[in-house]
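Residue numbers (this note's numbering): -10 to 249. Glycine included, every Cβ here is placed at the ideal spot set by N, Cα and C. Predicted model only: the values in this text are computed from it and were never measured.
Next up, the structure:
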């Protein structure tokens, strides 16, 4: 939807924050628990190594693709929501030559500044990056302290490994359970689908299956909401962004670049 419509309007940055951090925690959780398998790869053939770490590769791509959605969200952030033109007014009752801060600013004329929504999106993107880097650094610090020999299944792992892996698994589950809440709120109040893609809506430890169960329930709610707004849009004659359909014109909400 991003690449087709050249806009990310309709997505909640909080939804992307929670989803990215949840996916990152899930990926690093699996990597921590299977660090021994990763270490064994240097003694295996390339095919055997690849087969043994397929689970890690799977959750890596889940994290990578969701983080890519956040990057595209920033790249295709709609221009009319990114900047706002401010036209300051002089203080009422002051003389034209007044040198107070308000009047001085008014004499400089209108100017453009970033919207609060764009600033928030950039801050949340930095939080996502910081969360991943700190979690990755902590994981390497913890697993490299586990000095068990390769193939040693009798010696219990370093307690810090188990504690850190449990923290990652639980945090991933908790973040996923609330991940869709801000997007549900935004879509409900916008009453349009926006850039949400309807076709996208789709023996393990409980910290893994609980994540997918929670995501499935929330995705189902979001899918039903989008289908309802689709029917509403058809009745009102508006598109996914609230623009009248069939006018043939362009307004300030139209993407700057059309499909090539």
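Excluding the five sequence neighbours on either side, which residues of its own chain have a C-beta within less than 8 angstroms of the C-beta of residue i, listed in chain order?
{"i": "residue 226", "result": "233, 234, 235"}
{"i": "residue 44", "result": "19, 23"}
{"i": "residue 27", "result": "20, 42, 45"}
{"i": "residue 177", "result": "214"}
{"i": "residue 173", "result": "207, 210, 211, 214"}
Taking buried to mean at least 16 other C-beta atoms within 10 Å of its own C-beta, is residue i buried or exposed?
{"i": "residue 193", "result": "Any reading at residue 193 must be qualified, since the residue scores a pLDDT of 45, below 50, and its modelled position is unreliable; no value is offered."}
{"i": "residue 117", "result": "buried"}
{"i": "residue 164", "result": "buried"}
{"i": "residue 181", "result": "buried"}
{"i": "residue 34", "result": "exposed"}
{"i": "residue 223", "result": "exposed"}
{"i": "residue 150", "result": "buried"}
{"i": "residue 158", "result": "buried"}
{"i": "residue 56", "result": "buried"}
Could you give the distance in angstroms between the alpha-carbon of residue i and the alpha-carbon of residue j?
{"i": "residue 102", "j": "residue 13", "result": "33 angstroms"}
{"i": "residue 255", "j": "residue 72", "result": "Since the first residue of the chain shown is -10 and the last is 249, residue 255 is not available in this structure."}
{"i": "residue 216", "j": "residue 170", "result": "17 angstroms"}
{"i": "residue 120", "j": "residue 10", "result": "7 angstroms"}
{"i": "residue 211", "j": "residue 4", "result": "12 angstroms"}
{"i": "residue 21", "j": "residue 156", "result": "11 angstroms"}
{"i": "residue 61", "j": "residue 0", "result": "11 angstroms"}
{"i": "residue 41", "j": "residue 128", "result": "20 angstroms"}
{"i": "residue 168", "j": "residue 148", "result": "30 angstroms"}
{"i": "residue 202", "j": "residue 2", "result": "22 angstroms"}
{"i": "residue 47", "j": "residue 54", "result": "11 angstroms"}
{"i": "residue 70", "j": "residue 6", "result": "19 angstroms"}
{"i": "residue 8", "j": "residue 112", "result": "15 angstroms"}
{"i": "residue 161", "j": "residue 206", "result": "16 angstroms"}
{"i": "residue 133", "j": "residue 105", "result": "42 angstroms"}
{"i": "residue 25", "j": "residue 124", "result": "18 angstroms"}
{"i": "residue 122", "j": "residue 221", "result": "43 angstroms"}
Under three-state DSSP, which class holds residue i?
{"i": "residue 67", "result": "coil"}
{"i": "residue 40", "result": "helix"}
{"i": "residue -2", "result": "coil"}
{"i": "residue 74", "result": "strand"}
{"i": "residue 102", "result": "strand"}
Skipping 5 residues on each side, what residues in its chain have a beta carbon closer than 6 angstroms to that of residue i?
{"i": "residue 49", "result": "16"}
{"i": "residue 52", "result": "12, 13, 16"}
{"i": "residue 87", "result": "none"}
{"i": "residue 228", "result": "234"}
{"i": "residue 131", "result": "149, 150, 153"}
{"i": "residue 204", "result": "165"}
Sorted by chain position, which residues of the same chain lie with C-beta nearer than 7 angstroms to residue i's C-beta, five sequence neighbours on each side aside?
{"i": "residue 66", "result": "-3, 107, 110"}
{"i": "residue 114", "result": "59, 63"}
**Request:** Starting from the N-terminal side, write out each stretch of the beta strand (DSSP E) that is 3 residues or longer and does not extend beyond the stretch 1 to 29.
**Result:** none
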